[in-house]
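Peer 1: Below is the structure I would like to discuss, written out as structure tokens.
There are 2 protein chains.
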Amino acid sequence: MSVTASAPGKVILFGEHAVVYGEPAIAGAIDRRIYVSVERRSDGEVRISSSDEIEDGYPYVKRAAELTFDYLGERCGLDIKVESEFPPASGLGSSAAVSVSTVLAISTLLGREVERKDVARLGHMVEKKVQGAASITDSSVTTFGGVLFIKPKLEVVEAIDAGNIPLVVGYTGKTGSTKELVEGVRTLREADPEIVDSIIHSIGRIAVRAKGVLERGGDIGGLMNINHGLLESLGVGTEELSRYVYAARKAGASGAKITGAGGGGCMVAYAPENQRAVAKAIEDEGGLPFIVSIEKEGARIETG
Amino acid sequence: MSVTASAPGKVILFGEHAVVYGEPAIAGAIDRRIYVSVERRSDGEVRISSSDEIEDGYPYVKRAAELTFDYLGERCGLDIKVESEFPPASGLGSSAAVSVSTVLAISTLLGREVERKDVARLGHMVEKKVQGAASITDSSVTTFGGVLFIKPKLEVVEAIDAGNIPLVVGYTGKTGSTKELVEGVRTLREADPEIVDSIIHSIGRIAVRAKGVLERGGDIGGLMNINHGLLESLGVGTEELSRYVYAARKAGASGAKITGAGGGGCMVAYAPENQRAVAKAIEDEGGLPFIVSIEKEGARIETG
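If you're matching them up, the sequences are chains A and B in order. Going by our numbering, the letters in the first sequence line up with residues 29 to 332, in that order. Going by our numbering, the letters in the second sequence line up with residues 29 to 332, in that order.
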């Protein structure tokens with residue numbers, strides 16, 4: 029018997045980097061998934077394979093299997109297959125999605141039901157083990173789906189009842205090192221604490237404002253633009269991201285910003301009227317565009 | 029007899045836009061000047077001519093002549109010739125420089141000595157009359173030269189004893205409407221007062237910090253980069269300015285930012301080690317680069 033679980037990628041709409049300093053953030057699951065299929069092996073070994081180039085994800089899969097076995101007090105040999113609908117190491121949350129999918133797939137294969145909050149918690153633990161540190165953002169979003177308001181100080185997330193959010197993601201094809209970028213902001217803050225703290229706090233205020241705008245189905249473009257400039261001021265922008273952002277706005281997006289850690293990775297545009305034109309503009313600048321919507325459903329077992 | 033007066037252009041190093049809301053700013057005179065030559069005409073008329081394409085400056089020259097006549101209680105016919113070492117309407121302070129040069133040239137021709145602070149004040153009045161509104165920044169910098177710390181709330185300027193500041197200005201060839209850009213920030217502020225006020229205040233804090241760095245001959249690049257992001261967040265950036273800024277940094281500038289109102293106009297890079305490489309990088313992006321230094325001398329009478 030084979031079990032397949034999947035979990036969505038994510039975009040951070042507001043608050044990246046500031047969330048590290050306790051400010052709230054908003055992240056949304058996107059309608060691109062990672063699929064993890066598991067099947068018992070009789071020899072007790074755990075083998076991981078993939079049809080995509082997502083070897084980066086293997087340490088997460090391996091660690092997720094170990095933690096799940098520990099959590100359930102039960103283990104077995106496994107063939108694990110991983111497939112992804114979005115590029116790994118692009119800042120779209122592939123690590124959390126693959127971790128959570130693995131937890132869900134293995135526990136289901138073993139006939140055990142694990143509560144959602146525990147799936148998220150295990151996914152978060154996997155990320156922490158592999159990376160050394162991780163926020164609860166990615167594991168929460170990929171587990172629960174939808175749009176979440178993250179309050180890092182309280183380690184809680186709150187679902188935002190947002191309408192459709194038509195987005196275009198633009199991928200640079202490059203991976204920014206989250207660790208180095210977070211370190212860069214920390215160094216900047218140590219040099220100029222008053223100025224940088226004030227910028228970080230402004231980013232938090234934007235997230236709070238954006239929550240209200242999303243709840244009434246309003247246009248978050250303007251707030252994204254402000255947030256983008258603040259990310260630039262923290263030094264996590266790149267020339268490419270900036271070009272895609274301007275191209276997206278010119279093509280009619282009402283707002284665009286870096287999403288995730290920056291230094292490469294992705295930008296995201298809010299394009300209620302012309303996702304295709306915005307995607308084309310990003311492509312013309314050399315980026316890889318994804319037209320995405322918010323995915324309401326989080327981690328799930330695939331049937332059939 | 030002919031009298032020639034000149035006055036330097038300027039770059040705003042820190043604080044543009046925020047200065048409108050009472051935050052301090054730092055501006056420096058640059059080693060590019062506008063020259064105004066005056067000669068009596070017997071027919072009582074005032075005629076303005078120029079070898080450059082700076083007709084934009086004529087209303088300033090005309091108004092400056094009128095205000096100077098009023099101030100001195102004396103008038104005469106004049107041939108006024110204007111020449112410029114930098115492009116007009118580029119955000120480099122041509123309006124103030126031409127106004128102040130005209131005041132100084134005419135008063136000198138009439139054998140009257142006008143105190144520096146009154147030259148600056150008359151220059152400021154000219155700008156206000158022609159534009160409807162103006163800050164004291166440009167008229168002060170072009171009159172006094174050097175680097176000035178502007179405290180708009182008190183309407184005072186303070187000279188900063190800075191060492192050499194090796195700059196590269198990149199001109200887009202386009203003119204942003206200062207009025208519209210200031211209006212844009214006002215609209216943004218009305219929509220999100222808490223967020224935008226906090227950004228404006230951060231810009232002011234950067235100017236205060238930068239004053240200290242300049243006084244000890246330090247590197248202002250990092251603070252310029254932060255200020256640039258904050259200007260982006262206020263919506264006054266353009267795709268071109270952003271490209272030049274990134275190109276300048278890549279070519280070795282330790283910092284780069286929009287200078288002036290944005291929406292076109294100029295950016296400025298701080299390049300202590302490689303002004304030429306930075307200028308070339310800006311040129312490669314389609315910009316018109318000027319390697320400039322801070323000009324210690326303000327408005328003056330040219331002799332010989």
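We put the CB at the ideal spot given by N, CA and C, even for glycine.
With DSSP collapsed to three states, give me the class of ILE254(B).
Peer 2: helix
Peer 1: In the region 231 to 264 of chain A, which residues sit with their C-beta less than 8 angstroms from some C-beta in chain B, listed in chain order?
Peer 2: ARG233, ILE234, ARG237, GLY250, LEU251, ASN253, ILE254, ASN255, HIS256, GLY257, LEU258, LEU259, GLU260, SER261, LEU262, GLY263
Peer 1: Would you kindly work out how many angstroms separate the C-alpha atoms of GLU243(B) and LEU316(B), rounded to a whole number?
Peer 2: Those two C-alpha atoms are separated by around 30 angstroms.
Peer 1: Please specify which runs of the alpha helix (DSSP H), each continuous and at least 4 residues long, are wholly inside the region 237 to 298 of chain B, giving them in chain order.
Peer 2: 249 to 261, 267 to 278
Peer 1: Report the neighbours of ILE227(B) on chain A: residues whose CB is nearer than 7 angstroms to its CB, in chain order.
Peer 2: SER230
Peer 1: For a contact defined as C-beta to C-beta under 7 angstroms, what are the partners of SER270(B) on chain E?
Peer 2: Among the protein chains in the structure shown, which are A and B, there is no chain E.
Peer 1: Could you please give me the residues that DSSP links to TYR99(A) through a beta bridge?
Peer 2: None; TYR99(A) has no bridge partner.
Peer 1: Which class does THR130(B) belong to by DSSP, given the choice of helix, strand or coil?
Peer 2: Note: THR130(B) maps to helix in three-state DSSP.
Peer 1: By DSSP, does ILE188(A) sit in helix, in strand, or in coil?
Peer 2: strand
Peer 1: I want to verify the contact list: residues of chain A whose CB lies under 9 angstroms from the CB of ASP220(B), in sequence order.
Peer 2: ARG233, ILE234, ARG237, GLY250, LEU251, ILE254
Peer 1: May I have the straight-line CA-CA distance separating SER123(A) from VAL47(B), to the nearest angstrom?
Peer 2: 45 angstroms
Peer 1: In its own chain, which residues sit with a C-beta less than 7 angstroms from the C-beta of GLN303(B), not counting the 5 before and 5 after it?
Peer 2: Answer for GLN303(B): PRO194, VAL196, ILE319, listed in chain order.
Peer 1: Go through its chain and collect everything with a Cβ distance to TYR99(B)'s Cβ below 7 angstroms, but skip five positions before and after it.
Peer 2: Excluding positions up to five away in sequence, the list reads LEU150.
Peer 1: Are there 16 or more other CB atoms within 10 angstroms of the CB of ASN253(A), so buried, or fewer, so exposed?
Peer 2: Answer is buried; the Cβ neighbour count reaches 16.
Peer 1: Which of the three DSSP states is assigned to ALA124(A) in this structure?
Peer 2: helix
Peer 1: Opposite GLY315(A) in the DSSP bridges: which residues?
Peer 2: Partner(s): none; GLY315(A) has no beta bridge.
Peer 1: Whole beta strand (DSSP E) runs in the region 150 to 235 of chain B with 3 or more residues, listed along the chain?
Peer 2: 175 to 179, 184 to 188, 195 to 199
Peer 1: At a Cβ threshold of 8 angstroms, is ILE223(A) touching chain B?
Peer 2: yes
Peer 1: Evaluate ASP166(A) with the Cβ neighbour count: other Cβ atoms within 10 Å of its Cβ, from every protein chain shown; 16 or more gives buried, anything less gives exposed.
Peer 2: Buried.
Peer 1: Among the residues of its own chain, which have a CB less than 7 angstroms from the CB of GLU325(A), if the five just before and after it don't count?
Peer 2: GLY173
Peer 1: Would you grab the beta carbon distance between VAL131(A) and ILE62(A) for me? Rounded to a whole angstrom, and I think it's under 8 angstroms.
Peer 2: Not quite, the Cβ-Cβ distance comes to about 12 angstroms (not below 8 angstroms), so this is no contact.
Peer 1: By Cβ distance, which residues of its chain are closer than 7 angstroms to GLU311(A), with the 5 residues on each side in sequence left out?
Peer 2: PRO317
Peer 1: Any C-beta of chain B within less than 7 angstroms: which residues of the region 50 to 66 of chain A qualify?
Peer 2: none
Peer 1: Under DSSP, the beta strand (DSSP E) around ILE108(B) begins and ends at which residues?
Peer 2: 105 to 112
Peer 1: I want to see whether chain A comes within less than 8 angstroms of GLU267(B), judged by CB atoms only; does it?
Peer 2: yes
Peer 1: Within 8 angstroms, do at least three Cβ pairs link the region 200 to 207 of chain A to the region 180 to 187 of chain B?
Peer 2: Per the Cβ contact rule, the region 180 to 187 of chain B is not in contact with the region 200 to 207 of chain A (fewer than 3 Cβ pairs under 8 angstroms).
Peer 1: By DSSP, does LEU324(B) sit in helix, in strand, or in coil?
Peer 2: Note on residue identity: the sequence assigns Lys, not Leu, to residue 324(B). In the structure shown, LYS324(B) sits in coil (DSSP, three-state: anything other than H, G, I, E or B).
Peer 1: Looking only at its chain, what residues have a beta carbon closer than 6 angstroms to the beta carbon of VAL16(B), apart from the 5 residues adjacent to it on each side?
Peer 2: Nothing can be reported for residue 16(B): it is not among the residues displayed for chain B, which extend from 29 to 332.
Peer 1: Return the Cβ separation of ARG91(A) and LYS157(A) in integer angstroms, given the expectation that the two are a contact with Cβ distance under 8 angstroms.
Peer 2: 5 angstroms
Peer 1: Does the Cβ of ARG140(B) have 16 or more other Cβ atoms within 10 Å, making it buried, or fewer, making it exposed?
Peer 2: exposed
Peer 1: At what residues does the beta strand (DSSP E) containing THR32(A) begin and finish?
Peer 2: Its beta strand (DSSP E) spans residues 30 to 42.
Peer 1: To the nearest whole angstrom, what separates the beta carbons of LEU251(A) and VAL264(A), a pair I think is in contact under 8 angstroms?
Peer 2: So it is not a contact: roughly 18 angstroms between Cβ atoms.
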